[in-house]
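K.L.:
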Amino acid sequence: MVAGVEPVAVDHAVEVFTEARPRLFGIAYRMLGSAIDADDLLQEVWLRWQTYDHSKVDNPTAFLATVTTRLAINATQTARVRHETYVGQWLPEPVDTSADPQLGAEREAALEFAVLMLLEKLPATERAAYVLRAAFDYPYAQIAEIVQVSEAAARQLVSRARKHLAAERRTPATVQDQRRLLTAFVAAAKSGDLATLEELLAADVVSYSDGGGVARASKIPVVGRDRVSRYVRAFADRFWAGIDIAWVRVNGQEGALLTVNGERYGLVTVTASDEGIDQVMWLLNPHKLAAV
0 MVAGVEPVAV
10 DHAVEVFTEA
20 RPRLFGIAYR
30 MLGSAIDADD
40 LLQEVWLRWQ
50 TYDHSKVDNP
60 TAFLATVTTR
70 LAINATQTAR
80 VRHETYVGQW
90 LPEPVDTSAD
100 PQLGAEREAA
110 LEFAVLMLLE
120 KLPATERAAY
130 VLRAAFDYPY
140 AQIAEIVQVS
150 EAAARQLVSR
160 ARKHLAAERR
170 TPATVQDQRR
180 LLTAFVAAAK
190 SGDLATLEEL
200 LAADVVSYSD
210 GGGVARASKI
220 PVVGRDRVSR
230 YVRAFADRFW
240 AGIDIAWVRV
250 NGQEGALLTV
260 NGERYGLVTV
270 TASDEGIDQV
280 MWLLNPHKLA
290 AV
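In numbering that gives the first Met the number 0, the protein residues as written are 0 to 291.
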């Protein structure tokens, strides 16, 4: 119990925070791309909330969302430095969205791996404005208050973010097509079927592998249909031996969870468009697989 705080007040603070937590986690995760970092940030939000003068708060949920977003804006600077010094390629930490128990989002926007990677490139305030609008449909007036800009500036931030994302991403395939292409890709990768791999991949496909210095993985992206297809075929015999596959729903998209003797080994997912598979993501860092 916090010194000097009545038990009833503490109970109420817990109740309010618990009810708001799914949305707060959804904001923090989209900003940071890491469930671990998001949980750590919410610990700081809780510490601030339980010692704050609640009589000064008219709307607790709005207050908590504001604190979370502002802390996340600051935290992105530290996260970016860590990602720049990360061993090999950094990919977002996946979260299980099969039932969306934690994220509590009204919609699954800004959860896909490809989008989270693009959000990394945006200024922190622009990223925050986009997340609040695209994922939670906050009104621009409230976004402006949270990120401390005018309403007109808030609209510009969201508009710029949408333009940046649109410029670097093709129109995504439907959920059904993404699932179909991933299933076909995994089958072709296991068998080393070069012709099928080339048929599935877009001409400018990029393959990303995240081993985090813990698991063996390519430290640089592999680019282009010919290079990616030959790269995947080259390790087909070694990589897939003894691996079992389970289909999971992560970050609002289909993923192939790889296990060996019941232990998580990796996660494979793809980003796709009308041109085929644009990105292949191999998440092999075991520290990022706990939530799957």
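We put the beta carbon where it would ideally sit given N, CA and C, even for glycine.
Quick check on DSSP: helix, strand or coil for Gln42?
P.N.:
Correct three-state label for Gln42: helix.
K.L.:
In whole angstroms, what separates the C-alpha of Ala8 from that of Ile145?
P.N.:
Going from the Cα of Ala8 to the Cα of Ile145 covers about 26 angstroms.
K.L.:
Pull up the distance between the alpha-carbon of Gly223 and that of Gln42, whole angstroms please.
P.N.:
One C-alpha to the other measures close to 43 angstroms.
K.L.:
What did DSSP end up calling Ala290 once you bin it into helix, strand or coil?
P.N.:
Ala290 falls in the coil class under three-state DSSP.
K.L.:
Return the chain-ordered list of same chain residues with a C-beta closer than 8 angstroms to the C-beta of Gly3, the five sequence neighbours on each side being excluded.
P.N.:
Because Gly3 carries a pLDDT of 48, less than 50, the predicted location of this residue cannot be relied on, and no value is offered for it.
K.L.:
What residues in its chain sit with their C-beta under 6 angstroms from that of Asp243, if we drop five residues either side in the sequence?
P.N.:
These residues qualify, in order along the chain: Thr258.
K.L.:
Here's the rule: buried if 16 or more other CB atoms are within 10 angstroms of the residue's CB, otherwise exposed. What is Phe24?
P.N.:
Phe24 is buried by the Cβ-count criterion.
K.L.:
Let me know if Gly87 comes out buried or exposed under the rule of 16 or more other beta-carbons within 10 Å of its beta-carbon.
P.N.:
Its Cβ being crowded by 16 or more others within 10 Å, Gly87 is buried.
K.L.:
In this structure, how does DSSP classify Leu115 when only helix, strand and coil are distinguished?
P.N.:
In the structure shown, Leu115 sits in a helix (DSSP, three-state: H, G or I).
K.L.:
Would you check if there are 3 or more beta carbon pairs closer than 8 angstroms linking the stretch 107-124 to the stretch 152-168?
P.N.:
Yes: the two stretches touch, three or more of their Cβ pairs being nearer than 8 angstroms.
K.L.:
Among the residues of its own chain, which have a CB less than 8 angstroms from the CB of Leu19, if the five just before and after it don't count?
P.N.:
Looking at the sequence provided, one finds Ala at residue 19 rather than Leu. Pro59, Thr60, Leu63, Ala64, listed in sequence order.
K.L.:
Looking at C-alpha atoms only, which residue of Gly265, Ser272, Val44, Ala235 is the closest neighbour of Thr170?
P.N.:
That would be Ser272, whose Cα lies nearest to the Cα of Thr170.
K.L.:
Could you check how far apart the C-beta atoms of Val247 and Ser97 are, in whole angstroms? I think they sit under 8 angstroms.
P.N.:
Yes, they are in contact, since the Cβ atoms of Val247 and Ser97 sit about 7 angstroms apart, within 8 angstroms.
K.L.:
Where does Arg226 sit, in a helix, a strand or coil, going by DSSP?
P.N.:
Three-state DSSP puts Arg226 in a helix.
K.L.:
Could you give the distance in angstroms between the alpha-carbon of Glu198 and the alpha-carbon of Val80?
P.N.:
Going by the C-alpha atoms only, they are around 38 angstroms apart.
K.L.:
Measure the C-alpha to C-alpha separation of Asp38 and His53 and round it to an integer number of angstroms.
P.N.:
One C-alpha to the other measures close to 23 angstroms.
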